[in-house]
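Numbering (our numbering), first residue to last: 155 to 387. No residue lacks a Cβ here, since even glycine has one placed at the ideal position from N, Cα and C. Quick caveat: nothing in here was measured; it's all calculated off a predicted structure.
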Amino acid sequence: MSVEIKNLSHTYSEGSPFEFKALKEINITIEDGSFIGIIGHTGSGKSTLIQHLNGLLTPTSGTVLVDGKDIFDTKKSELIELRHRIGLVFQYPEHQLFEETVQKDVAFGPKNQGLSQEEIDTRVRQSIKMVGLDFETIKDKSPFELSGGQMRRVAIAGVLAMEPAVLILDEPTAGLDPRGREEILAQIKLLHTQKQITVILVSHSMEDIGKMVDKILVINEGEVVFFDTPSHV
Ligand code: ATP
Ligand code: MG
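The following block contains the structure:
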């Protein structure tokens with residue numbers, strides 16, 4: 155799936171004394187099957203930007219086209235369907251875990267996709283394995299009893315289980331040790347090459363992602379300051 159961001163601006167609390175222009179006239183085309191890294195200082199607008207890509211935030215002006223279709227000009231049912239195809243792993247994993255067990259949490263997405271129980275079970279097992287966790291050990295635990303790193307892996311598994319065409323990850327390796335970081339990044343890279351999905355990965359560090367991505371998007375104070383292959387940085 156291709157994602158085109160057109161003249162997109164986002165102002166928080168528009169019209170109030172706390173008004174803040176977080177994104178200013180962003181124009182970017184992300185080609186189908188590409189791997190994009192987004193970097194930028196804290197507060198530069200990375201999380202704000204990616205939350206527009208599956209319609210979680212509505213822009214103040216401008217829009218997002220997915221495969222040429224304006225996502226803010228769709229019916230609610232189509233937007234829900236779109237959220238299954240454009241999977242977003244939040245910066246703070248606790249924002250997307252809410253069921254009483256890990257198994258139920260990871261099954262939540264596929265369940266809403268109308269799959270059979272058998273298909274759901276297979277997807278849940280596979281995605282828990284993909285993020286380097288042992289299914290039998292972890293399946294009945296509460297997501298809130300897990301370590302930060304485990305919680306993050308479960309949140310990623312939940313999105314992978316939907317088999318999205320576009321996978322967006324907001325700092326997926328934050329809080330992981332170097333081995334965990336490598337494991338997760340390798341798995342994301344593998345998914346990208348094997349299934350040809352589009353990947354958009356937000357990171358603080360160029361070191362982590364410089365070698366993996368097709369293009370780097372650098373954002374500063376809500377503006378795109380660079381969008382090209384990493385060799386041109
Ligand atoms: P980080 O690297 O720390 O995660 P970021 O690049 O993801 O930062 P955003 O979370 O997109 O940054 O925030 C961009 C700016 O918008 C920041 O200045 C932030 O304070 C502001 N902001 C974010 N969310 C809100 C909100 N809900 N209401 C008001 N301002 C917000
Ligand atoms: Mg952020």
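Legend entry - PHE174 Cβ short of 6 Å to the ligand ATP heavy atom set: The residue given as residue 174 occupies position 20 in the sequence shown. Yes, the beta carbon of PHE174 sits closer than 6 Å to at least one heavy atom of the ligand ATP.
Legend entry - Beta-carbon proximity of THR383 to GLY187, cut-off 7 Å: Counted from its first residue, the sequence shown places residue 383 at position 229. Counted from its first residue, the sequence shown places residue 187 at position 33. The answer is no: Cβ separation not under 7 Å.
Legend entry - ASP382: first and last residue of the uninterrupted beta strand (DSSP E) it sits in: What you label residue 382 is simply residue 228 of the sequence shown in a count that begins at 1. Residues 377 to 382.
Legend entry - Reduced DSSP secondary structure (H/G/I, E/B, other) of ILE351: As a working mapping, residue 351 is identified with position 197 in the sequence shown. Coil, per DSSP.
Legend entry - Segment limits, beta strand (DSSP E) that includes ALA176: Reading the sequence shown from its first residue, position 22 is the one you call residue 176. Element bounds for ALA176: 174 to 184.
Inset, instruction - Can you say whether ARG306 is buried or exposed, counting buried as having 16 or more other CB atoms within 10 angstroms of its CB? - result: The residue labelled residue 306 in the question sits at position 152 within the sequence shown. It counts as buried.
Legend entry - THR202: first and last residue of the uninterrupted alpha helix (DSSP H) it sits in: In the sequence shown, counting from the first residue as 1, residue 202 sits at position 48. Note, THR202: alpha helix (DSSP H), 200 to 204.
Inset, instruction - Please confirm whether any heavy atom of the ligand ATP lies closer than 6 Å to the CB of SER201. - result: As a working note, residue 201 is residue 47 in the sequence shown. At least one heavy atom of the ligand ATP is nearer than 6 Å to the Cβ of SER201, so yes.
Inset, instruction - Tell me the start and end of each unbroken alpha helix (DSSP H) in the stretch 219 to 248 that is at least 4 residues and wholly inside, in chain order. - result: 230 to 239
Legend entry - Per-residue burial, VAL367 [other beta carbons within 10 Å of its own, 16 or more giving buried]: By 1-based counting over the sequence shown, the position of residue 367 is 213. With 16 or more other Cβ atoms within 10 Å, it is buried.
Inset, instruction - Less than 8 Å between the CB atoms is what I'm expecting for ILE441 and VAL379, so what's the real figure, rounded? - result: Residue 441 is absent from the model: the chain starts at 155 and stops at 387.
Inset, instruction - Classify GLY302 as helix, strand or coil using the three-state DSSP reduction. - result: For the purposes of this step, residue 302 is identified with residue 148 of the sequence shown, where counting begins at 1. Residue state, collapsed to three classes: helix.
Legend entry - C-alpha distance - VAL278 paired with GLY312, whole-angstrom precision: Locating residue 278 in the sequence shown gives position 124, counting from the first residue. Locating residue 312 in the sequence shown gives position 158, counting from the first residue. Spanning the two alpha carbons is a distance of roughly 8 Å.
Legend entry - Within 7 Å, strictly: CB atoms of ILE375 and VAL356: Working through the sequence shown from its first residue, we reach residue 375 at position 221. Working through the sequence shown from its first residue, we reach residue 356 at position 202. Per the sequence shown, the amino acid found at residue 375 is Glu instead of Ile. No, the pair does not count as a contact, with Cβ atoms beyond the cut-off.
Legend entry - Neighbourhood of ASN208 by C-beta, 7 Å cutoff - its chain only, sequence neighbours within 5 removed: Along the sequence shown, read from residue 1 onward, the residue named residue 208 stands at position 54. These residues qualify, in order along the chain: LEU236, ARG237, ILE240, LEU242.
Inset, instruction - Return the CA-CA distance between LYS283 and ARG335, expressed in angstroms with no decimal places. - result: Counting from 1 along the sequence shown, the entry for residue 283 is found at position 129. Counting from 1 along the sequence shown, the entry for residue 335 is found at position 181. Distance between the alpha carbons of LYS283 and ARG335 is about 15 Å.
Legend entry - Distance cut-off 6 Å: GLN245 Cβ against heavy atoms of the ligand MG: The residue given as residue 245 occupies position 91 in the sequence shown. Within the cutoff, so yes.
Legend entry - GLY169: CB within 6 Å of a non-hydrogen atom of the ligand ATP: Looking up residue 169 in the sequence shown gives position 15. No, the Cβ of GLY169 stays beyond 6 Å of every heavy atom of the ligand ATP.
Legend entry - Bridge partner(s) assigned by DSSP for ASN266: Position 112 of the sequence shown, counted from the first residue, corresponds to residue 266. None, per the DSSP bridge assignment.
Legend entry - First through last residue of the alpha helix (DSSP H) which encompasses LYS283: The residue given as residue 283 occupies position 129 in the sequence shown. Note, LYS283: alpha helix (DSSP H), 271 to 284.
Inset, instruction - Count the other C-beta atoms from every protein chain shown that fall within 10 angstroms of the C-beta of ASP221, then say buried if there are 16 or more, exposed otherwise. - result: Sequence index remark: in the sequence shown, residue 221 carries index 67 (1-based). Counting Cβ neighbours within 10 Å, ASP221 comes out exposed, since fewer than 16 surround it.
Legend entry - DSSP three-state assignment for SER359, whether helix, strand or coil: Looking up residue 359 in the sequence shown gives position 205. The answer is coil: DSSP assigns SER359 none of H, G, I, E or B.
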